[in-house]
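Taking the numbering used here, the leading residue of the sequence shown gets 3, the next gets one more, and so forth.
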Amino acid sequence: QSSNTTAAQMAALAALYPAKLQKVATFDRFGHYRLETGEQLLVWTPIYPAGPLPLIIYLHGASSRGDDIQQIFEKGPGCPPALLRAGDIAPRAVVVAPLLAAKREWCKTSREAATTLKIIDAYFAEEARGALAAVDRERVYVTGPSCGGLGAYTLAARLARRGDGFSDRCPPAAAVVPVCGGGSVVFAPLLAKTPCWFWHSESDSAVPCADTEALVAALEKLDAPVRFTKLTDEETPESPPYVAYMEYHNAWTPAYKVDSPMWAWLFAQSREEGA
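The following block contains the structure:
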């Protein structure tokens with residue numbers, strides 16, 4: 003009786019929420035998915051995905067843009083997907099990593115933001131129908147480096163503005179970790195109650211550290227729960243070869259390394275239900 007009831011419930015959910023994602027491949031605990039409109043994303047789940055689990059939304063940097071999902075790994079050394087694949091980190095969390103199309107930004111325009119939200123919401127639609135690992139909606143985190151750092155900050159602001167209330171859509175973030183991405187202070191009030199930890203190198207030649215300092219100052223004026231790690235030149239690793247011309251543009255390696263204090267802080271954050 004119980005298994006029949008469960009099967010009936012799952013069938014009802016499947017009818018209510020039609021499939022939004024098609025699996026393309028599976029490797030190293032990653033699932034590679036594609037939306038019917040062509041967008042792609044990676045989903046990493048732990049070995050024992052008993053949920054609900056926290057969820058990390060990772061937005062990659064500009065060098066990974068295009069239509070090759072492997073570029074998220076190859077042009078993201080020291081970042082969560084590459085660290086997960088190598089076994090260097092293994093959080094009790096789901097990690098979702100969308101692929102950004104060539105010459106696009108994550109959330110710079112409303113149209114780009116709508117596309118990014120569509121990809122991420124597709125995960126939640128599949129979760130709602132029981133097809134993917136269950137997520138703790140009070141512990142959704144957003145992070146990314148460089149272009150993805152800007153995207154993480156802006157996406158979190160847009161999620162906060164959109165609010166909650168839809169089981170098949172991504173809820174507001176419980177915390178945000180933007181890494182060397184900068185952003186507009188206009189969005190700061192939307193994140194006044196969201197814990198943020200910014201990382202940037204003081205001599206970054208690609209994205210000025212002053213951009214992040216302005217965001218931190220704006221959030222501090224709002225008494226927001228904000229942290230800022232400003233790396234010295236000595237604390238900043240060399241930039242990867244594919245962006246070697248960008249000096250001191252690598253705050254992500256210290257931010258994401260296995261013993262970074264960021265991880266314990268991140269998983270301690272939880273959104274107040276309904277906030």
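Even glycine gets a Cβ: it sits at the ideal position worked out from N, Cα and C.
Because the structure is a prediction, the values reported are computed rather than measured.
Check	Outcome
Tell me the DSSP bridge mates of residue 232?	202
Identify the continuous alpha helix (DSSP H) that holds residue 25 and give its terminal residues.	From DSSP, residue 25 is part of no alpha helix (DSSP H) but of the beta strand (DSSP E) over 23-29.
Under the rule that 16 or more other beta-carbon atoms within 10 Å means buried, what is residue 196, buried or exposed?	buried
Taking the alpha-carbon of residue 82 as reference, which of 101, 56 and 61 has the nearest alpha-carbon?	61
Could you pull the start and end residues of the alpha helix (DSSP H) that residue 75 belongs to?	73-76
Would residue 194 and residue 226 be called neighbours here (beta carbons separated by less than 8 Å)?	yes
For residue 235, which option in 205, 209, 176 and 210 has the closest C-alpha, if you only look at C-alpha atoms?	205
With C-beta atoms as the reference, is residue 207 less than 8 Å away from residue 264?	no
When you compare the region 147-157 with the region 174-189, are there three or more beta-carbon pairs, one atom per stretch, that lie closer than 8 Å?	yes
Taking the alpha-carbon positions, what's the residue 138 to residue 174 distance?	12 Å
Which of the three DSSP states is assigned to residue 44 in this structure?	strand
Taking a contact to mean a Cβ-Cβ separation below 8 Å, would you say residue 49 touches residue 97 in this structure?	no
Tell me which residues share the same chain as residue 276 and place their Cβ nearer than 8 Å to its Cβ, disregarding the 5 neighbours each side in the sequence.	At residue 276 the pLDDT is 47, less than 50, meaning the model places this residue with poor confidence; the figure from the coordinates comes in the next sentence. So the list reads 166, once near-sequence residues are dropped.
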